[in-house]
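A short write-up of the structure that comes next.
Numbering (full-length UniProt numbering), first residue to last: 1 to 137.
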């Protein structure tokens with residue numbers, strides 16, 4: 001299980017690297033962001049998930065409870081903002097000049113993989129971090 005968490009931490013690091021150009025673009029062109037509520041919320045949540053990726057990567061690598069809790073918080077935002085653990089696989093068709101025909105399939109694989117990740121994190125939380133409830137008096 002610890003090896004799996006280190007793999008999840010590595011995937012978070014890959015997400016950090018792949019999101020860095022987007023974050024740099026947002027920070028350097030902050031004045032050009034439309035002042036609509038949806039646009040501002042998307043930028044704010046993207047920045048928050050970027051910061052939380054550092055926390056979850058370190059926490060999961062060290063096999064700490066705060067890494068799992070951060071992962072729980074990230075889960076819905078990962079789905080909405082399309083920050084998937086294995087999202088880098090959607091770039092593979094571009095490397096092999098396959099066009100857009102594979103993107104839909106790989107995108108679905110990313111979503112399914114995110115749910116599997118959530119399942120395995122939940123199982124590890126139950127197995128290693130839940131305290132046994134005290135006996136009733």
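C-beta atoms are modelled at their ideal positions from N, C-alpha and C, and glycine is treated no differently.
Here the structure is a predicted model, which is why all the values come from computation and not from measurement.
inquiry  = Please state the DSSP three-state secondary structure of residue 1.
reply    = coil
ask   = Span of the alpha helix (DSSP H) holding residue 108?
value = 103-124
task = Could you tell me which of 71, 27 and 14 sits nearest to residue 43, measuring between CA atoms?
result = 27
query = Are residue 54 and residue 6 closer than 7 Å when you measure CB to CB?
reply = no
ask   = Who are the Cβ neighbours of residue 16 in its own chain at under 8 Å, not counting the five residues just before and after it?
value = 50, 53, 54 and 57
query = Should residue 84 be labelled buried (16 or more other beta-carbon atoms within 10 Å of its own) or exposed?
reply = buried
task = Out of 8, 2, 47 and 35, state which residue places its alpha-carbon closest to the alpha-carbon of residue 21.
result = Cα-wise, what sits closest to residue 21 is 47.
query = Mind checking residue 19: buried by the 16 CB within 10 Å criterion, or exposed?
reply = buried
key: Completely contained alpha helix (DSSP H) runs for the region 72-99, where each covers 4 or more residues   = Whole alpha helix (DSSP H) segments, 4+ residues: 92-95.
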